[in-house]
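Novice: After the structure tokens below, expect a handful of questions from me.
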Amino acid sequence: MRIASSLSLAPLILLTTLNACKGQQKQAEEDGEKEYKYYADWAIDQEYLERGCNGGYDCIRSIDKPDFISIKEVDFIGDDDLVVGLKIGDEVRCYPHAILDWHEIVNDHIGKTDFAINYCPLTGSAMAWDRHVDGMLTDFGVSGWLFNSNVIPYDRETGSHWSQMKQECVNGQFYKQKATSYPVLETSWVTWKKLYPNSKILSTNTGFSRHYGEYPYDTYRENEDVFFPTEHDPDSLHPKMRVYGVIDGDDAVCYRYDHFSHGPAIFQDTVFGIPVIVVGSDPDNFMAVFADERNGKPLQARVIKDALPAIFEDASGNRYDLFGYCISGPDAGSRLEVLNGFAAYWFAWVAFYPQTTLR
Numbered sequence: 006m007r008i009a010s011s012l013s014l015a016p017l018i019l020l021t022t023l024n025a026c027k028g029q030q031k032q033a034e035e036d037g038e039k040e041y042k043y044y045a046d047w048a049i050d051q052e053y054l055e056r057g058c059n060g061g062y063d064c065i066r067s068i069d070k071p072d073f074i075s076i077k078e079v080d081f082i083g084d085d086d087l088v089v090g091l092k093i094g095d096e097v098r099c100y101p102h103a104i105l106d107w108h109e110i111v112n113d114h115i116g117k118t119d120f121a122i123n124y125c126p127l128t129g130s131a132m133a134w135d136r137h138v139d140g141m142l143t144d145f146g147v148s149g150w151l152f153n154s155n156v157i158p159y160d161r162e163t164g165s166h167w168s169q170m171k172q173e174c175v176n177g178q179f180y181k182q183k184a185t186s187y188p189v190l191e192t193s194w195v196t197w198k199k200l201y202p203n204s205k206i207l208s209t210n211t212g213f214s215r216h217y218g219e220y221p222y223d224t225y226r227e228n229e230d231v232f233f234p235t236e237h238d239p240d241s242l243h244p245k246m247r248v249y250g251v252i253d254g255d256d257a258v259c260y261r262y263d264h265f266s267h268g269p270a271i272f273q274d275t276v277f278g279i280p281v282i283v284v285g286s287d288p289d290n291f292m293a294v295f296a297d298e299r300n301g302k303p304l305q306a307r308v309i310k311d312a313l314p315a316i317f318e319d320a321s322g323n324r325y326d327l328f329g330y331c332i333s334g335p336d337a338g339s340r341l342e343v344l345n346g347f348a349a350y351w352f353a354w355v356a357f358y359p360q361t362t363l364r
């Protein structure tokens, strides 16, 4: 793994100023907006805390009024491009990397469920967080800080800083409090269209002028360069290998997509003392991990075909999608327990969870 020189970064890359003062831990927003109480303590090693962009809070602008279109209206996503999906009840929404690469955070809601999609292009990690913290509704924004080359969002109510891949407040009023996550599905656009043809897609009508058809980080996804130092370096695996991991506290277990090279498959495992099923497909670019239990019994899950969005069924004839929802069968409308997991680059897993088990 190489730490990239700032001179080697492509002109489109948004990250600048590696040597910005680390003491500048709070900054008033423009136009007389909110100033936040200063907190000196960080729950992370500040040696690996870096400024990712100039301008402090919101140096990369979040999308706070998202607009959605139908699949047939989309003309800016390639079939192999990645998207992030979320399902709340019967509503399914899709957030393309092509937009997230430029904004990183989307503050959204479905009905009474308020959430923030947050994505870090440098670590390839996407997740959805509940926007309610201690009973307080907040938006999240880009703080400008990075830890282990991973985005640190801040909440706009208190200015607290949250480490994305730790899923934890690392500085501020909510110090060491965990974020509450909603399960997301990250997959390729061609797969998403087959799974959820009637879903709503985040549009390029963002209120900002960006080159949404262009990837802003040049060859970063393929090369071995990492822009900022990390606490732990990966082993012989390519640092940008994309793997799926589940976390519990400071522990992580990761799975390689190429173990599912022949298409949709299921294998059983035990993680953190919980029997699970791992459902994945390398050609279709998806993975999810569920507790292997329904009504106190193992699922005895098997892959099914030609029943999309259902991917697998259990011994009772219940059929499930990749969000764990039972969409047909005796228990229709219920949901399996989805383990807290997401995809990210291998170097990031090692940086945050050095004892990661790779399976």
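Taking this note's numbering, the leading residue of the sequence shown gets 6, the next gets one more, and so forth. Don't be surprised by glycine CBs; every beta carbon is placed ideally from N, CA and C.
1) CA-CA distance, ASP297 and CYS58?
2) Under the three-state reduction of DSSP, which class applies to LYS199: helix, strand or coil?
3) Give the secondary structure of ALA45 by DSSP, where H, G and I count as helix, E and B as strand, and everything else as coil.
4) Is LYS77 helix, strand or coil by DSSP?
5) May I have a chain-ordered list of the beta strand (DSSP E) segments no shorter than 3 residues that lie completely inside the segment 267-325?
6) Does LYS181 pass the burial test, meaning 16 or more other C-beta atoms within 10 Å, or should it be called exposed?
7) Just to confirm the assignment, what range does the beta strand (DSSP E) spanning ASP160 have?
8) Just the Cα atoms here: how many angstroms apart are CYS64 and PRO202?
9) Could you give the C-beta distance for ASN123 and PHE152, rounded to a whole number, given that I count them as a contact under 8 angstroms?
10) Which of the three DSSP states is assigned to GLU35 in this structure?
11) Quick check: GLU191 and VAL88, are their CB atoms within less than 9 angstroms of each other?
12) Using beta-carbon positions only, say whether ASP113 and LEU142 come within less than 9 angstroms of one another.
13) Kindly identify the DSSP beta-bridge partner or partners of PHE152.
14) Where does PRO288 land, buried or exposed, given buried means 16+ other C-beta within 10 angstroms?
15) On a Cα-Cα basis, can you pick out the residue from PRO359, PHE347, GLY322, ARG364 that is closest to ALA133?
16) From LEU344 to GLN172, what distance separates their C-alpha atoms?
17) Classify ALA33: buried if its beta carbon has 16 or more other beta carbons within 10 angstroms, exposed otherwise.
18) Between the alpha carbons of GLU328 and PRO335, how many angstroms are there, rounded?
19) Can you tell me whether LEU91 is helix, strand or coil according to DSSP?
20) Measuring straight from C-alpha to C-alpha, what distance separates THR361 and TYR225?
21) Look at the alpha carbon of THR196 and the alpha carbon of ASN290, and state the distance between them as a whole number of angstroms.
22) Alpha helix (DSSP H) containing HIS108: first to last residue?
23) With 16 other CB atoms within 10 Å as the buried threshold, where does VAL308 fall?
24) Ordered along the chain, which non-local residues of its own chain (more than five positions away) have a Cβ less than 8 angstroms from that of PHE233?
25) Are there 16 or more other CB atoms within 10 angstroms of the CB of GLN169, so buried, or fewer, so exposed?
26) Anyone know if the C-beta pair for TYR62 and VAL147 falls short of 9 angstroms?
27) What's the C-alpha gap between ALA270 and PRO359?
Specialist: Taking the geometry as given:
1) Counting from 1 along the sequence shown, the entry for residue 297 is found at position 292. Counting from 1 along the sequence shown, the entry for residue 58 is found at position 53. About 43 angstroms.
2) Taking the first residue of the sequence shown as position 1, residue 199 is located at position 194. Of the three classes helix, strand and coil, the one that applies to LYS199 here is helix, per DSSP.
3) In the sequence shown, counting from the first residue as 1, residue 45 sits at position 40. Coil.
4) Taking the sequence shown and counting its residues from 1, one reaches residue 77 at position 72. Note: LYS77 maps to helix in three-state DSSP.
5) Listed in chain order, they are 270-276, 279-286, 291-296.
6) Counting from one through the sequence shown, the residue named residue 181 turns up at place 176. Burial call: exposed.
7) Here the question's residue 160 lines up with position 155 in the sequence shown. From DSSP, the beta strand (DSSP E) with ASP160 extends over 155-160.
8) Locating residue 64 in the sequence shown gives position 59, counting from the first residue. Locating residue 202 in the sequence shown gives position 197, counting from the first residue. Approximately 34 angstroms between the Cα atoms of the pair.
9) On the sequence shown, position 118 is the one that residue 123 refers to. On the sequence shown, position 147 is the one that residue 152 refers to. About 14 angstroms; that fails the 8 angstroms criterion.
10) Here residue 35 refers to the residue found at position 30 when the sequence shown is read from its first residue. Because the pLDDT of GLU35 is 43, which lies under 50, any placement of that residue in the model is unreliable, and the question is left without a value.
11) Translated into the one-based positions of the sequence shown, residue 191 becomes position 186. Translated into the one-based positions of the sequence shown, residue 88 becomes position 83. Yes, the Cβ-Cβ distance between GLU191 and VAL88 is below 9 angstroms.
12) Locating residue 113 in the sequence shown gives position 108, counting from the first residue. Locating residue 142 in the sequence shown gives position 137, counting from the first residue. No; because the gap between Cβ atoms is not below 9 angstroms, this pair is not in contact.
13) By 1-based counting over the sequence shown, the position of residue 152 is 147. Partner(s): LEU54, ASN155.
14) Along the sequence shown, read from residue 1 onward, the residue named residue 288 stands at position 283. That one is exposed.
15) Position 128 of the sequence shown, counting from 1, holds the residue named residue 133. Residue PHE347 is the option with its Cα nearest to ALA133.
16) For the purposes of this step, residue 344 is taken as the residue at position 339 of the sequence shown. For the purposes of this step, residue 172 is taken as the residue at position 167 of the sequence shown. C-alpha separation (whole angstroms): 14 angstroms.
17) Taking the sequence shown and counting its residues from 1, one reaches residue 33 at position 28. Its pLDDT being 40, under 50, ALA33 is placed unreliably in this model, and the coordinates cannot settle the point.
18) Along the sequence shown, read from residue 1 onward, the residue named residue 328 stands at position 323. Along the sequence shown, read from residue 1 onward, the residue named residue 335 stands at position 330. The identity of residue 328 in the sequence shown is Phe, whereas the question assumes Glu. Between PHE328 and PRO335, the C-alpha separation is close to 18 angstroms.
19) Working through the sequence shown from its first residue, we reach residue 91 at position 86. Three-state DSSP puts LEU91 in a strand.
20) Residue 361 sits at position 356 when you count from the first residue of the sequence shown. Residue 225 sits at position 220 when you count from the first residue of the sequence shown. The straight-line gap from Cα to Cα measures roughly 23 angstroms.
21) Within the sequence shown, the letter at position 191 stands for residue 196. Within the sequence shown, the letter at position 285 stands for residue 290. Inter-residue distance for THR196 and ASN290 is about 8 angstroms (C-alpha atoms, whole angstroms).
22) Position 103 of the sequence shown holds residue 108. Element bounds for HIS108: 102-108.
23) Position 303 of the sequence shown, counted from the first residue, corresponds to residue 308. VAL308 is exposed by the Cβ-count criterion.
24) One-based indexing of the sequence shown puts residue 233 at position 228. For PHE233, where only same-chain residues beyond five positions count, the Cβ hits under 8 angstroms are ILE8, LEU23, TYR53, GLU55, GLY57, LEU127, LEU151, ASN153, SER154.
25) Within the sequence shown, numbered from 1, the residue matching residue 169 stands at position 164. With 16 or more other Cβ atoms within 10 Å, it is buried.
26) In the sequence shown, residue 62 corresponds to position 57, counting from 1. In the sequence shown, residue 147 corresponds to position 142, counting from 1. In this structure, VAL147 lies closer than 9 angstroms to TYR62 by Cβ.
27) Locating residue 270 in the sequence shown gives position 265, counting from the first residue. Locating residue 359 in the sequence shown gives position 354, counting from the first residue. Approximately 28 angstroms, taken between the alpha carbons.
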